[in-house]
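K.L.:
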DNA sequence: TTGTTGTGTCAGTTGACGCTAACGTTAGCG
DNA sequence: CGCTAACGTTAGCGTCAACTGACACAACAA
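Residue numbers (our numbering), protein chains in the order written: chain A, 11 to 124; chain B, 11 to 124.
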């Protein structure tokens, strides 16, 4: 369901530096050079990271003269949120089911299962 | 804030097969062999994936005789959810702010900014 | 046009990761 | 004890990914 379309996003977020870049452009639209200045690696590395983020749909690119401005694209995180929320609720449901089963087994005469 | 503690989880989820394993044990507690039987790779590979997932706090391991039963651990996804929700709301706030600014610039005499 | 600024792109290297095959380990049965 | 079943662990291999340095390109000013 949300596997093929968010596969690139998962791989993109696996890199800590890309997550840092993403947080950097979450609130402000920054140029590639401004982003690169915030890290201790080459501008080349940042440019490649930005390409990965863009192809994963996590950032948008806008050209203004010779500069390229980047901004976080929240829609790109939709698939991730679906996966996490699905996992979260499923696992929690199982937890509740187990608690209920345990309570029912240890005391079939009571009804404090909430 | 939630960087060092969820770094392993991000890397673990970057692998599609590990996400498949996680979904497999989200609702049912399965043994390593049962999990391995669901894929076309060696049990060794699955065992290594399970080690990665366990060290990332995404699954719990319970021994029963010679078997080892695994189950998804929803708490392991907490850091991820925090990151995603933070990114999501921040980026959306900026989006609303931009819409408001644009509306205010194009029509300073109206008040339909919601 | 020439020069400068802001960025992307292309080799090439290094380190990490996923996989397999062989071996080691623990639990249970006879 | 010997034997088997169910796993984990190690060594080695192939591949991918992140990084650097050199080069190419577009936009703008003089």
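By construction, the Cβ of each residue, glycine as well, lies at the ideal position given by its N, Cα and C atoms.
Note that this is a predicted model, so its numbers are computed, not measured.
1. Considering only their Cβ atoms, is the gap separating residue 94/A from residue 159/B smaller than 7 Å?
2. So for residue 73/A, helix, strand or coil by DSSP?
3. Buried or exposed: where does residue 84/B fall if 16 or more other Cβ atoms within 10 Å of its Cβ makes it buried?
4. If you draw a straight line from the alpha carbon of residue 40/A to that of residue 53/B, how long is it in whole angstroms?
5. Would you decide whether residue 43/A is buried or exposed? Buried here means 16 or more other CB atoms lie within 10 Å of its CB.
6. Using three-state DSSP, classify residue 81/A as helix, strand or coil.
7. Going by alpha carbons, who is nearest to residue 31/B out of 48/B, 21/B, 20/B?
8. Report yes or no: is there a C-beta of chain A within less than 7 Å of the C-beta of residue 19/B?
9. If the cut-off is 8 Å on Cβ atoms, which residues from the segment 22-37 of chain A count as contacting chain B, listed in chain order?
10. Using 7 Å as the limit for Cβ to Cβ distance, is residue 60/A near chain B?
11. Return the chain-ordered list of same chain residues with a C-beta closer than 7 Å to the C-beta of residue 22/B, the five sequence neighbours on each side being excluded.
12. Tell me whether residue 68/A sits in a helix, a strand or coil according to DSSP, three-state version.
13. Which residues in chain B sit within 9 Å of residue 63/A, going by Cβ to Cβ distance?
14. Please confirm if residue 82/A has its CB atom under 7 Å from at least one CB of chain B.
15. Can you tell me whether residue 81/B is buried or exposed, with buried defined as 16 or more other CB within 10 angstroms of its CB?
16. Nearest chain A C-beta to residue 91/B closer than 7 Å, yes or no?
17. Helix, strand or coil for residue 30/B? Go by DSSP, reduced to three states.
18. With 7 Å set as the bound, which would you pick, yes or no: does the beta-carbon of residue 79/B sit closer than that to a beta-carbon of chain A?
19. Relative to the C-alpha of residue 19/A, which residue among 70/B, 56/B, 25/B is closest?
20. Please determine, among 37/A, 73/A, 78/A, 87/A, the residue with the shortest C-alpha to C-alpha distance to residue 56/A.
P.N.:
Well, looking at it:
1. As displayed, chain B neither begins before 11 nor continues past 124, which places residue 159/B out of reach and without an answer.
2. For the purposes of this step, residue 73/A is taken as the residue at position 63 of the first chain. Correct three-state label for residue 73/A: strand.
3. For the purposes of this step, residue 84/B is identified with residue 74 of the second chain, where counting begins at 1. With 16 or more other Cβ atoms within 10 Å, it is buried.
4. Here residue 40/A corresponds to residue number 30 of the first chain, with the count starting at 1. Here residue 53/B corresponds to residue number 43 of the second chain, with the count starting at 1. Approximately 47 Å between the Cα atoms of the pair.
5. Here residue 43/A corresponds to residue number 33 of the first chain, with the count starting at 1. Classification of residue 43/A: exposed, given that the 10 Å Cβ count is below 16.
6. Looking up residue 81/A in the first chain gives position 71. Three-state result, residue 81/A: strand.
7. Position 21 of the second chain, counted from the start, is the residue given in the question as residue 31/B. Nearest option by C-alpha distance: 48/B.
8. For the purposes of this step, residue 19/B is identified with residue 9 of the second chain, where counting begins at 1. No, residue 19/B does not count as interfacial toward chain A.
9. 23, 24, 26, 29, 32, 33, 36, 37
10. For the purposes of this step, residue 60/A is taken as residue 50 along the first chain, with counting starting at 1. False, the Cβ-Cβ gap to chain B never drops below 7 Å.
11. The residue you call residue 22/B lines up with position 12 of the second chain. 28, 62, 63, 66, 68, listed in sequence order.
12. Here residue 68/A refers to the residue found at position 58 when the first chain is read from its first residue. In the structure shown, residue 68/A sits in coil (DSSP, three-state: anything other than H, G, I, E or B).
13. For this step, residue 63/A is matched to residue 53 along the first chain. Within 9 Å Cβ-Cβ: nothing; residue 63/A doesn't reach chain B, min ~12 Å.
14. Counted from its first residue, the first chain places residue 82/A at position 72. Yes, contact with chain B.
15. The residue labelled residue 81/B in the question sits at position 71 within the second chain. When all chains shown are included, residue 81/B counts as buried.
16. Residue mapping note: residue 91/B aligns to position 81 of the second chain, counting from 1. Yes, because at least one Cβ of chain A sits closer than 7 Å to the Cβ of residue 91/B.
17. Position 20 of the second chain holds residue 30/B. It is helical.
18. Working through the second chain from its first residue, we reach residue 79/B at position 69. It does not; no Cβ of chain A falls within 7 Å.
19. By one-based count along the first chain, residue 19/A stands at place 9. The shortest C-alpha separation from residue 19/A is found at 25/B.
20. Numbered from 1 along the first chain, position 46 holds the residue referred to as residue 56/A. Residue 78/A is the option with its Cα nearest to residue 56/A.
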